[in-house]
Amino acid sequence: MDSTGGFLLSILCVSIRAADWSTSAVKILAEKGSDLSLPCGFHPDADYGDKTIIQWMFHNMTTRNNRNHHNKRWKPLFLNTQSLISEPRFSIRHKIKRLNSTTSHYSTILSISPLRESDAGVYFCKTHSPNNINIEYHVRVIKSLNIDPPQIQIPADAIDKAYSIELHCILTDNNHRRLHEIHWFHNNKPIISSLSTTKSQNAPPHATITNNITRQSYVSTLYYTGLTPTVIGSYACEYKKLKKHVRVELEPVPS
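Structure, rendered in structure tokens:
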């Protein structure tokens, strides 16, 4: 390793032991198998040029009772463009956006693809320049979020009749003790169960939502009844910022 590389690694080791943790955390929920990108952006100092040192670190969240950053065991991921891990799923890329003749916005983006449950934890980006920037991401990974059935077709002869559908939003999560809050939407409008204690003029009497908790799954079931034209459309269940969609359509009329 050359002297520059050794110097950068020494900076990394020192900063892991004595980092400035006064930064707000960004919470992210992601699904296993998806792609995750974490940006870290800043405006470089004009006199510092491209000498800014950027490091990414990670620690898992297996220890629930220990929330002190200084007692965590941090794992170095990247130092500028240099990878410090032998994990091809992790990559780094850089973007420079010229804002005007004198100002640019520089960003480094950590990407993970595909995401595994073991990737859950805290990701920390730190820049070493005249204006130090700390960005922290708390990433939680769930196994899956799905709607069953994935599609519903209503018989064409039911166009002028009342019709009932039943949809299940299934959240699979190893953290089965966590309370989940799933929301339903029909054509981008919130559905409020007729059983809900929240009163709303938009709550249809024909919509019922029930919830069932198993060891590792949380199932929200939507029962929706109405005249077929009011039932068809796009349905979605949402958990935090994760959303899954399903279409309810009329069967094609045979030609």
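FYI, in mature numbering (1 follows the signal peptide of the UniProt record, and there is no 0) the residues of the sequence shown are -18 to -1, 1 to 237.
We treat Cβ as the ideally placed atom computed from N, Cα and C, and that holds for glycine.
Cα-Cα separation, residue i to residue j
i    : j    : result
S182 : P172 : Low confidence applies to S182: its pLDDT is 45, below 50, so where it sits in the model is not reliable, and the reading given next is rough at best. Roughly 11 Å separates the two Cα atoms.
L59  : A7   : 19 Å
G23  : S65  : 19 Å
T63  : L127 : 34 Å
H188 : S176 : 7 Å
W56  : F40  : 6 Å
I74  : K223 : 24 Å
T90  : K125 : 28 Å
H120 : E13  : 14 Å
W166 : T207 : 15 Å
I191 : Y205 : 6 Å
H110 : I35  : 5 Å
N116 : N82  : 25 Å
K226 : T212 : 20 Å
F72  : C219 : 30 Å
D142 : T210 : 6 Å
Integer Cβ distance of residue i from residue j, believed to fall under 8 Å
i           : j    : result
residue 273 : S19  : Residue 273 is absent from the model: the chain starts at -18 and stops at 237.
H168        : Y217 : 6 Å
L153        : Y221 : 6 Å
Q198        : D155 : 7 Å
I147        : I134 : 6 Å
L97         : G215 : About 31 Å; that fails the 8 Å criterion.
A102        : N170 : The Cβ separation is near 30 Å, so there is no contact.
L11         : R122 : 5 Å
V228        : P70  : The Cβ separation is near 34 Å, so there is no contact.
Bridge-paired residues (DSSP) for residue i
i    : result
G23  : S89
E13  : I124
R55  : For R55, which the question treats as bridged, DSSP gives no partner whatsoever.
G8   : Residue identity check: residue 8 is Val in the sequence provided, not Gly. Per DSSP, Y119.
K225 : E220
V230 : I134 and G215
M43  : Partner(s): none; M43 has no beta bridge.
Pick out the complete alpha helix (DSSP H) segments inside the stretch 119 to 182, 4 residues or longer, and give them in chain order. none
Complete runs of the alpha helix (DSSP H) confined to the stretch 188 to 223 [at least 4 residues]: 210 to 213
Continuous beta strand (DSSP E) assignments of at least 3 residues falling wholly in the stretch 57 to 116: 57 to 61, 72 to 80, 86 to 94 and 103 to 110
With three or more beta-carbon pairs closer than 8 Å as the criterion, would you say the stretch 124 to 141 touches the stretch 224 to 235? yes
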